[in-house]
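Numbering follows numbering that gives the first Met the number 0, with no gaps: position 35 of the sequence shown is 34.
Heads up, the beta-carbon is just placed ideally off N, CA and C, and yes, glycines get one too.
The structure under discussion appears below in the form of structure tokens.
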Amino acid sequence: MAGIEAERERLRAEYLGQERAGSTARGLHHVAVLCADVETTIRFYQGVLGFPLTEIVGNRDYEGSSHFFFDIGNGNLLAFFDFPGLDLGQYGEVLGGLHHLAISMEAGEWGAAKQRLDDANIEYLEESGTSIYFRDPDGTRVELISDPLGEMYGLSVL
């Protein structure tokens, strides 16, 4: 463990030791995730999590597929594609793949979402009193975190 922490310190000194320049990006436009069923996904993300559906359009890359968006606050979107007729199989966490989506919520909204997960009998793991981890209907791991944007478990990360 000492070697791992020494490497982190080296990286901090090398890359965080200087004044940080502003980002060249404006922000996260959207993250696109696959789903098996559009309506099931809408019911979960809008109905259970409280993220409003903002639009459904055709997917320009696959005829008959939908590309649809949810407002996750702060001008950010969570998007989904379905690919009817293709057997994509279940979601799998693999090296180099998506591990989880972490979405910040105000503490009151976080508590309400947690209650809706309970009401829907959706299992979750609560961590540090500020994060809950669960899987969406397609198995994608989602984290709802009540820490403000740019903070995690009392640590400033931005």
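Determine the direct distance from the alpha carbon of residue j to that of residue i, and round the result to whole angstroms.
{"i": "residue 41", "j": "residue 8", "result": "43 Å"}
{"i": "residue 135", "j": "residue 5", "result": "37 Å"}
{"i": "residue 69", "j": "residue 2", "result": "42 Å"}
{"i": "residue 10", "j": "residue 0", "result": "15 Å"}
Kindly give me the distance between the Cβ atoms of residue i and residue j, rounded to whole angstroms, as I take these residues to be in contact under 8 Å.
{"i": "residue 144", "j": "residue 155", "result": "Contact doesn't hold; Cβ gap of about 14 Å is too wide."}
{"i": "residue 26", "j": "residue 74", "result": "6 Å"}
With distance defined between alpha-carbon atoms, name the residue in the options nearest to residue i.
{"i": "residue 138", "options": "35, 115, 54, 86", "result": "35"}
{"i": "residue 79", "options": "39, 72, 114, 116", "result": "39"}
{"i": "residue 67", "options": "148, 84, 30", "result": "30"}
{"i": "residue 37", "options": "83, 24, 23", "result": "83"}
{"i": "residue 142", "options": "116, 28, 54", "result": "116"}
Within the chosen definition, does the segment 11-21 reach the segment 40-56 through at least 3 CB pairs nearer than 8 Å?
Segments in contact, no.
Sufficient close CB pairs (3 or more, under 8 Å) joining the segment 61-69 to the segment 106-118:
No, because fewer than three Cβ pairs between the segment 61-69 and the segment 106-118 fall closer than 8 Å, the two stretches do not touch.
Minimum length 3: unbroken beta strand (DSSP E) runs contained in the segment 4-90
For the segment 4-90, the continuous beta strand (DSSP E) assignments of 3+ residues that do not extend past its boundaries occur at 29-34, 52-57, 65-70, 76-81, in sequence order.
Would you list, in sequence order, the uninterrupted alpha helix (DSSP H) runs of no fewer than 4 residues that lie entirely inside the segment 97-122?
As far as the segment 97-122 is concerned, its whole alpha helix (DSSP H) runs of at least 4 residues are 106-118.
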